[in-house]
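*Asks:* Pasting in a structure now, in structure tokens, and then I'll have a few things to ask.
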Amino acid sequence: IREHFHCLDCHPRVFVKKEEMIRHFKWHKKRDESLQHGFMRYSPGDDCNDRYRGCPHNRKQTHYHCVMNNCDKVYISTSDVQMHANYHRKDSAIIQEGFQRFRATEDCATAHCAFNGQRTTHFHCRRPPCNYTFKNKADMEKHKSYHVKDEQLARDGFKKFMKNEACQLDGCRFSRVCNHIHCIRDGCTYVLHSSGQLYSHKRKHERRDAELAYRKSSAVIRYYYFF
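2 is the number of the first residue of the sequence shown in this note's numbering; add one for each residue after it.
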């Protein structure tokens, strides 16, 4: 039996020459490296037609297909590969911040977006149910800060609505009239017009909750004392 080599990733590929095995090993290494950047590498001897039909570089030259969802980019230059990988890294960072970027060549296909069909780079807030869209990247931090404050308000039992947005509470007479804050605790319909009122209103609820808890505990103690 002659010495031979099996590729564990390419069954049933077998090599009888050591140099062929080394060449194939390097092929796998280069492909793995390209996948780390989000690309599938194809050598001139590889057939990419099963995944990428109609590719003009198939079986002609080494080329790289982007494997990101909804991206059909293909490159023959490694510098272009690096540049495109950086593009996706920036998009991923933006998504982690709670936003999505659409370039001028991309269609956001969102009916409520003011920039839909304008072929301009813009951003969408991805936090439900927010429909905010904007063009200036500098507005990202400002809008993110708005949501951070909104989340803090929610933890304290409040919900703020700006003048330019429809109030989500039915029948609110301040909807699209002025900035206002609703207390969203059960049974409370109080509306505040200044953040300076938040603390005093929150304290009122905390005192009521404390009194209610005290009455309940006192009633339990009296019940056990009676029996």
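The C-beta atom is built at its ideal place from N, Cα and C for all residues, glycine as well.
How about CYS67 and PHE40: are their beta carbons less than 8 angstroms apart?
*Replies:* By 1-based counting over the sequence shown, the position of residue 67 is 66. By 1-based counting over the sequence shown, the position of residue 40 is 39. In this structure, PHE40 lies closer than 8 angstroms to CYS67 by Cβ.
*Asks:* For VAL82, count neighbouring C-beta atoms within 10 Å of its own C-beta (all shown protein chains included) and say buried if the count is 16 or more, exposed if not.
*Replies:* Within the sequence shown, numbered from 1, the residue matching residue 82 stands at position 81. Counting Cβ neighbours within 10 Å, VAL82 comes out buried, since at least 16 surround it.
*Asks:* Give the straight-line distance between the Cα atoms of PHE175 and HIS181, rounded to the nearest whole angstrom.
*Replies:* Looking up residue 175 in the sequence shown gives position 174. Looking up residue 181 in the sequence shown gives position 180. Between PHE175 and HIS181, the C-alpha separation is close to 7 angstroms.
*Asks:* Which first and last residues belong to the alpha helix (DSSP H) in which HIS5 is found?
*Replies:* What you label residue 5 is simply residue 4 of the sequence shown in a count that begins at 1. Where HIS5 is concerned, there is no enclosing alpha helix (DSSP H), given that its DSSP letter is neither H nor E.
*Asks:* Between the Cα of SER195 and those of LYS205, CYS179, THR121, spot the shortest distance and give me the residue it belongs to.
*Replies:* Indexing the sequence shown from 1 puts residue 195 at position 194. Nearest of LYS205, CYS179, THR121 to SER195, Cα basis: CYS179.
*Asks:* Could you spell out where the alpha helix (DSSP H) holding ARG156 opens and where it closes?
*Replies:* Counting from 1 along the sequence shown, the entry for residue 156 is found at position 155. Counting along the chain, the alpha helix (DSSP H) containing ARG156 begins and ends at 140 to 156.
*Asks:* Measuring only the C-alpha atoms, how far is VAL149 from ASN117?
*Replies:* Start at 1 with the first residue of the sequence shown, and residue 149 comes out as number 148. Start at 1 with the first residue of the sequence shown, and residue 117 comes out as number 116. Cα to Cα, the separation comes out at about 27 angstroms.
*Asks:* Name the residue from TYR88, ARG3, GLU142 whose alpha carbon lies nearest to the alpha carbon of LYS19.
*Replies:* Taking the first residue of the sequence shown as position 1, residue 19 is located at position 18. Among TYR88, ARG3, GLU142, the Cα nearest to that of LYS19 belongs to ARG3.
*Asks:* Might you give, ordered along the chain, the residues of its own chain that have their beta carbon closer than 8 angstroms to the beta carbon of ALA155, omitting 5 neighbours on each side?
*Replies:* Numbered from its first residue, the sequence shown carries residue 155 at position 154. Cβ neighbours of ALA155 beyond the five flanking positions: ILE185.
*Asks:* Can you check whether the CB of TYR65 is closer than 8 angstroms to the CB of SER93?
*Replies:* As a working mapping, residue 93 is identified with position 92 in the sequence shown. As a working mapping, residue 65 is identified with position 64 in the sequence shown. Taking 8 angstroms as the Cβ cut-off, SER93 and TYR65 do not qualify as a contacting pair.
*Asks:* Here's the rule: buried if 16 or more other CB atoms are within 10 angstroms of the residue's CB, otherwise exposed. What is HIS7?
*Replies:* Along the sequence shown, read from residue 1 onward, the residue named residue 7 stands at position 6. Exposed: under 16 other Cβ atoms inside 10 Å.
*Asks:* Three or more C-beta pairs closer than 8 angstroms, one from the segment 51 to 63 and one from the segment 97 to 114: is that the case here?
*Replies:* Output reads no: the segment 97 to 114 does not touch the segment 51 to 63.
*Asks:* Would you kindly work out how many angstroms separate the C-alpha atoms of ARG120 and LYS145, rounded to a whole number?
*Replies:* In the sequence shown, residue 120 corresponds to position 119, counting from 1. In the sequence shown, residue 145 corresponds to position 144, counting from 1. Each residue's alpha carbon lies about 25 angstroms from the other.
*Asks:* Give me whichever residues DSSP pairs with LEU36 in a beta bridge.
*Replies:* For the purposes of this step, residue 36 is taken as the residue at position 35 of the sequence shown. None; LEU36 has no bridge partner.
*Asks:* Could you tell me which residues DSSP pairs with VAL15 in its beta bridges?
*Replies:* Stepping through the sequence shown from its first residue, residue 15 is reached at position 14. Bridge partners of VAL15: HIS7.
*Asks:* Using three-state DSSP, classify MET22 as helix, strand or coil.
*Replies:* Locating residue 22 in the sequence shown gives position 21, where the first residue counts as 1. Of the three classes helix, strand and coil, the one that applies to MET22 here is helix, per DSSP.
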